[in-house]
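Participant:
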Amino acid sequence: MPSNGVNDLAKRYADLQVQLARLEHAYYVLDNPIVPDSEYDRLYRELLEIEGLHPEWITPESLSQRVGGAALKSFSSVTHAVPMLSLNNAFEESELIAFDRRCREALHADQVDYAGELKFDGLAISLRYENGILLRAATRGDGASGEDVTTNIKTIRAIPLRLTGKDIPAVLEVRGEVFMYLEDFERMNAKAAQLGEKEFANPRNAAAGSLRQLDSKITAKRPLSFFAYGFGALEPQSWLPATHEELLNAYVRLGLPVCAERRVLKSVPEILAFYNEVGAKRASLPYDIDGVVYKVNSFAEQARLGFVSRAPRFALAHKFPAQEALTTVLGIDVQV
Ligand code: NAD
Numbered sequence: 079m080p081s082n083g084v085n086d087l088a089k090r091y092a093d094l095q096v097q098l099a100r101l102e103h104a105y106y107v108l109d110n111p112i113v114p115d116s117e118y119d120r121l122y123r124e125l126l127e128i129e130g131l132h133p134e135w136i137t138p139e140s141l142s143q144r145v146g147g148a149a150l151k152s153f154s155s156v157t158h159a160v161p162m163l164s165l166n167n168a169f170e171e172s173e174l175i176a177f178d179r180r181c182r183e184a185l186h187a188d189q190v191d192y193a194g195e196l197k198f199d200g201l202a203i204s205l206r207y208e209n210g211i212l213l214r215a216a217t218r219g220d221g222a223s224g225e226d227v228t229t230n231i232k233t234i235r236a237i238p239l240r241l242t243g244k245d246i247p248a249v250l251e252v253r254g255e256v257f258m259y260l261e262d263f264e265r266m267n268a269k270a271a272q273l274g275e276k277e278f279a280n281p282r283n284a285a286a287g288s289l290r291q292l293d294s295k296i297t298a299k300r301p302l303s304f305f306a307y308g309f310g311a312l313e314p315q316s317w318l319p320a321t322h323e324e325l326l327n328a329y330v331r332l333g334l335p336v337c338a339e340r341r342v343l344k345s346v347p348e349i350l351a352f353y354n355e356v357g358a359k360r361a362s363l364p365y366d367i368d369g370v371v372y373k374v375n376s377f378a379e380q381a382r383l384g385f386v387s388r389a390p391r392f393a394l395a396h397k398f399p400a401q402e403a404l405t406t407v408l409g410i411d412v413q414v
């Protein structure tokens with residue numbers, strides 16, 4: 079017979095699934111979060127802790143097993159040839175040290191190189207180029223399929239409609255983040271306030287809401303931008319450079335926007351120095367970030383590390399402490 083303690087925990091686990099599903103729907107589908115990210119993160123971590131104690135409770139439907147979000151019915155759906163996954167998160171230094179140890183042990187290596195970059199707070203997008211021409215753009219959705227937002231994406235000036243340079247692969251799915259510069263966001267919200275229109279809670283919601291407009295004329299008026307940081311489908315595979323760092327350099331040659339705040343990191347102290355450095359300039363960056371991301375730099379090593387259910391084993395998002403307080407975002411408390 080299970081004890082009361084276990085019963086209570088099972089009930090808490092079930093409640094968390096319901097509560098988190100409600101928060102995810104508001105955030106990913108409606109672009110209208112009802113609690114700050116730090117609150118969502120706290121509940122999500124509690125879910126993971128309970129699953130750590132009781133792995134037998136995990137079902138394929140558990141929120142920990144899938145990438146959040148679902149396609150809006152109003153857009154046609156695009157199946158991703160290569161799934162668009164999430165990232166595992168770390169909040170503490172000890173989690174980062176454990177990540178590096180796991181990578182080194184799995185690769186039987188004394189030292190692993192990581193590509194350090196910013197974790198942009200926007201929404202993930204996949205851009206499909208065939209022979210250098212932008213043919214289709216899709217949101218992440220549930221990771222397996224997303225929304226076809228091609229017409230809207232084509233209104234974003236930072237995204238090239240045609241790639242440049244000599245070495246263009248036959249098929250290239252560029253993955254990256256659509257976001258809004260803070261200055262643009264504030265200007266847009268001020269204008270909305272003047273006109274008595276709805277203001278957005280933050281640049282991330284403004285970017286997501288703007289991209290998922292059914293009328294692309296509205297999207298065209300919204301100041302969206304883009305940074306590339308990954309790839310999906312690729313033909314021929316031989317086009318792929320050996321490392322993530324070289325891929326981003328190749329993207330620059332293709333005319334894609336890549337953030338300059340990136341560096342190859344060769345040890346835990348170098349990783350921490352990068353984290354602290356970025357943390358110190360976070361408030362003065364012209365866009366929102368919520369952490370930094372470390373990716374094993376070598377693609378051969380990435381392939382050897384592979385994936386867990388919803389995230390790659392070769393990457394880690396190292397989050398910064400929340401900038402927002404529960405009461406300052408939307409003033410709504412969560413009851414679970
Ligand atoms: P995530 O945001 O933690 O990590 C994955 C995403 O990071 C990718 O999909 C991509 O869009 C983004 N990203 C930014 N920079 C990147 C880079 N350099 N390389 C690779 N990816 C990069 O995971 P998630 O599954 O999208 O969602 C979790 C996040 O959403 C958490 O921060 C959580 O707080 C927030 N959230 C909040 C609520 C809420 O109610 N407030 C609800 C759901 C989710």
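In our numbering, the protein residues as written are 79 to 414. The C-beta atom is built at its ideal place from N, Cα and C for all residues, glycine as well.
Could you tell me the alpha carbon to alpha carbon distance between Asp411 and Leu121, rounded to whole angstroms?
Facilitator: As a position in the sequence shown, residue 411 is number 333, starting the count at 1. As a position in the sequence shown, residue 121 is number 43, starting the count at 1. The predicted model places Asp411 with a pLDDT of 40, which falls under 50 and marks its position as unreliable; any figure quoted below should be read in that light. Their backbone Cα atoms lie some 13 Å apart in a straight line.
Participant: Is it the case that the CB of Pro390 approaches a heavy atom of the ligand NAD more closely than 7 Å?
Facilitator: Locating residue 390 in the sequence shown gives position 312, where the first residue counts as 1. No, Cβ of Pro390 sits at least 7 Å from all heavy atoms of the ligand NAD.
Participant: Could you check which residue in Leu165, Glu173, Ile128, Val160 has the C-alpha nearest to that of Val145?
Facilitator: Against the sequence shown, residue 145 aligns to sequence position 67. Nearest option by C-alpha distance: Leu165.
Participant: For Asn82 and Pro161, I'd like the C-alpha separation in whole angstroms.
Facilitator: In the sequence shown, counting from the first residue as 1, residue 82 sits at position 4. In the sequence shown, counting from the first residue as 1, residue 161 sits at position 83. For Asn82 and Pro161, the distance between alpha carbons rounds to 41 Å.
Participant: Check whether the Cβ atoms of Asp191 and Ser316 lie closer than 8 Å to each other.
Facilitator: Along the sequence shown, read from residue 1 onward, the residue named residue 191 stands at position 113. Along the sequence shown, read from residue 1 onward, the residue named residue 316 stands at position 238. Not a contact, by the Cβ cut-off of 8 Å.
Participant: DSSP state of Lys373, grouped into three classes?
Facilitator: By one-based count along the sequence shown, residue 373 stands at place 295. In this structure, Lys373 counts as strand in the three-state DSSP scheme.
Participant: Distance check for Leu87 and Lys373, CA to CA, integer angstroms please.
Facilitator: Working through the sequence shown from its first residue, we reach residue 373 at position 295. Working through the sequence shown from its first residue, we reach residue 87 at position 9. Straight-line Cα distance between these residues: approximately 35 Å.
Participant: Looking at the unbroken beta strand (DSSP E) that takes in Thr217, where does it start and where does it end?
Facilitator: Position 139 of the sequence shown, counted from the start, is the residue given in the question as residue 217. It spans 211-217 - the beta strand (DSSP E) in which Thr217 sits, taken as one unbroken run.
Participant: On the three-pair Cβ rule with 8 Å, is the stretch 201-209 touching the stretch 122-134?
Facilitator: The stretch 201-209 vs the stretch 122-134: no contact.
Participant: Name the two residues that bound the continuous beta strand (DSSP E) containing Phe263.
Facilitator: Looking up residue 263 in the sequence shown gives position 185. Here Phe263 belongs to no beta strand (DSSP E); instead the alpha helix (DSSP H) covers 260-272.
Participant: Name, in chain order, the residues that DSSP records as bridge partners for Ala306.
Facilitator: Residue 306 sits at position 228 when you count from the first residue of the sequence shown. In DSSP, Ala306 forms a bridge with Gly254.
Participant: By the 10 Å Cβ neighbour count, where 16 or more other Cβ atoms means buried, how is Val84 classified, buried or exposed?
Facilitator: As a position in the sequence shown, residue 84 is number 6, starting the count at 1. Exposed is the call here.
Participant: How many whole angstroms separate the CB atoms of Ala202 and Glu117, which I take to be in contact at a CB cut-off of 8 Å?
Facilitator: Indexing the sequence shown from 1 puts residue 202 at position 124. Indexing the sequence shown from 1 puts residue 117 at position 39. In fact, because the Cβ distance is near 22 Å, the residues do not count as touching under 8 Å.
Participant: Would you kindly work out how many angstroms separate the C-alpha atoms of Val407 and Phe263, rounded to a whole number?
Facilitator: Stepping through the sequence shown from its first residue, residue 407 is reached at position 329. Stepping through the sequence shown from its first residue, residue 263 is reached at position 185. Note on Val407: pLDDT 44, under 50, position unreliable in the model; the coordinate value appears next. Between Val407 and Phe263, the C-alpha separation is close to 16 Å.
Participant: Would you report the Cα separation of Arg382 and Pro314, rounded to the nearest angstrom?
Facilitator: Here residue 382 refers to the residue found at position 304 when the sequence shown is read from its first residue. Here residue 314 refers to the residue found at position 236 when the sequence shown is read from its first residue. Their backbone Cα atoms lie some 20 Å apart in a straight line.
Participant: Could you pull the start and end residues of the beta strand (DSSP E) that Gly194 belongs to?
Facilitator: Here the question's residue 194 lines up with position 116 in the sequence shown. Start and end: 192-198.
Participant: When you measure from the CB of Val84 to every non-hydrogen atom of the ligand NAD, does any distance come out below 7 Å?
Facilitator: Taking the sequence shown and counting its residues from 1, the one referred to as residue 84 is at position 6. It does not: the Cβ of Val84 is nowhere closer than 7 Å to a heavy atom of the ligand NAD.
Participant: Using DSSP with H/G/I as helix, E/B as strand and the rest coil, what is Ile367?
Facilitator: Counting from one through the sequence shown, the residue named residue 367 turns up at place 289. DSSP places Ile367 in strand when its eight states are reduced to three.
Participant: Check whether the Cβ of Ser223 lies closer than 7 Å to any heavy atom of the ligand NAD, and answer yes or no.
Facilitator: Within the sequence shown, numbered from 1, the residue matching residue 223 stands at position 145. Ser223: no, Cβ never under 7 Å from the ligand NAD.
Participant: Cutting at 6 Å between CB atoms, please list the residues of its own chain near Gly308, excluding the five before and the five after it.
Facilitator: Numbered from 1 along the sequence shown, position 230 holds the residue referred to as residue 308. Once the five neighbours on either side are set aside, the close Cβ partners of Gly308 are Arg253.
Participant: Is Gly130 helix, strand or coil when you go by DSSP?
Facilitator: For the purposes of this step, residue 130 is taken as the residue at position 52 of the sequence shown. Helix at Gly130.
Participant: Just checking Asn375 against the ligand NAD - is the residue's beta carbon closer than 7 Å to any of the ligand's heavy atoms?
Facilitator: Numbered from its first residue, the sequence shown carries residue 375 at position 297. It does not: the Cβ of Asn375 is nowhere closer than 7 Å to a heavy atom of the ligand NAD.
Participant: Taking only runs of the beta strand (DSSP E) that begin and end inside the stretch 123-179, which ones reach a length of at least 3 residues, in chain order?
Facilitator: List check, beta strand (DSSP E) in window: 155-157.
Participant: Please list the terminal residues of the continuous beta strand (DSSP E) segment that includes Tyr207.
Facilitator: Stepping through the sequence shown from its first residue, residue 207 is reached at position 129. Per DSSP, Tyr207 belongs to the beta strand (DSSP E) from 201-208.
Participant: Compute the Euclidean distance between the alpha carbons of Ser387 and Gln143, then round it to the nearest angstrom.
Facilitator: Within the sequence shown, residue 387 is the residue found at index 309, counting from 1. Within the sequence shown, residue 143 is the residue found at index 65, counting from 1. So the two alpha carbons sit approximately 6 Å from each other.
Participant: In whole angstroms, what is the alpha-carbon distance linking Arg182 and Gly219?
Facilitator: Residue 182 sits at position 104 when you count from the first residue of the sequence shown. Residue 219 sits at position 141 when you count from the first residue of the sequence shown. One C-alpha to the other measures close to 32 Å.
Participant: Taking buried to mean at least 16 other C-beta atoms within 10 Å of its own C-beta, is Leu171 buried or exposed?
Facilitator: The residue given as residue 171 occupies position 93 in the sequence shown. Inspection of the sequence shows that residue 171 is occupied by Glu rather than by Leu. The residue in question, Glu171, is exposed, as its Cβ has fewer than 16 Cβ neighbours within 10 Å.
Participant: Quick one: what does DSSP say Tyr91 is sitting in, helix, strand or coil?
Facilitator: Residue numbering aside, residue 91 sits at position 13 when the sequence shown is read from its first letter. Helix at Tyr91.
Participant: Might you give, ordered along the chain, the residues of its own chain that have their beta carbon closer than 7 Å to the beta carbon of Leu334, omitting 5 neighbours on each side?
Facilitator: Start at 1 with the first residue of the sequence shown, and residue 334 comes out as number 256. Here the set comprises Pro238, Val252, Ala306.
Participant: So which of Phe257, Glu225, Thr217 has the shortest CA-CA distance to Ala236?
Facilitator: Here residue 236 refers to the residue found at position 158 when the sequence shown is read from its first residue. Selected option, being the one with the closest Cα: Phe257.
Participant: On the DSSP bridge list, what partners appear for Thr55?
Facilitator: The requested residue 55 does not occur in the structure, where the chain is confined to residues 79 to 414.
Participant: Measuring straight from C-alpha to C-alpha, what distance separates Asp245 and Ala215?
Facilitator: For the purposes of this step, residue 245 is taken as residue 167 along the sequence shown, with counting starting at 1. For the purposes of this step, residue 215 is taken as residue 137 along the sequence shown, with counting starting at 1. Using only the alpha carbons, I get a separation of about 22 Å.
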